[in-house]
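Note sheet for the following structure.
Numbering (this note's numbering), first residue to last: 1 to 177.
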């Protein structure tokens, strides 16, 4: 199996994709930390410090522990989500990149474009629709070429401008089917 050399295919899309998911993790972690702090703010806790029993505000007692835990969990989760998002985005961006490239070929009159994408990637339905569209176009253009070639001798005999007939022929021949 080949090692992946390029992790970012569509850098802008993938960066935004990753940042959106990481920001959700960071915001959720901050909300959890804030809720824990607010819910414990009005209560007191009995603590043994240096063999003395002390009554402290629960928020003051738990704040350092909560803050450390939330920061560590946020960092670990954000890194995990970033890595996962990068690889998950390949299932979307890879097929989009390939389909875009093949659509450009079709736009250039090359109907031999290959819209097949790997199994397991997203956009299988779109790829199948594009394949169906290209096959339909191929059939119609082949039919047009055949009909044009059938009437070509008659067109050359008529008073039509031969330049116009040649233009039609060139347009039909420009399609690679």
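Idealized CB from N, CA, C, for every residue including glycine. Since this is a predicted model, take the numbers as computed values, not measurements.
Mapping DSSP to helix, strand and coil, what is residue i?
i           : result
residue 51  : coil
residue 165 : helix
residue 173 : helix
residue 45  : strand
residue 114 : coil
Check whether the Cβ atoms of residue i and residue j lie closer than 7 angstroms to each other.
i           : j           : result
residue 70  : residue 33  : yes
residue 231 : residue 10  : Residue 231 is absent from the model: the chain starts at 1 and stops at 177.
residue 59  : residue 41  : yes
residue 89  : residue 167 : no
residue 78  : residue 30  : no
residue 47  : residue 61  : yes
residue 99  : residue 138 : no
residue 56  : residue 65  : no
residue 122 : residue 91  : yes
residue 141 : residue 177 : yes
Any idea if residue i is buried or exposed, counting beta-carbon neighbours within 10 angstroms, 16 or more meaning buried?
i           : result
residue 146 : exposed
residue 199 : As shown, the chain starts at 1 and ends at 177. That puts residue 199 outside it, with no answer to give.
residue 175 : buried
residue 76  : exposed
residue 36  : buried
residue 130 : buried
residue 18  : buried
**Study point:** Three-pair Cβ contact test at 8 angstroms for the segment 113 to 132 versus the segment 55 to 69
**Key:** no
Review point. What residue ranges within the segment 86 to 164 form continuous alpha helix (DSSP H) runs of no fewer than 4 residues, ordered along the chain?
Key: 124 to 157
Point to revise | Contact between the segment 150 to 160 and the segment 81 to 95 (3+ Cβ pairs under 8 angstroms) | key: no
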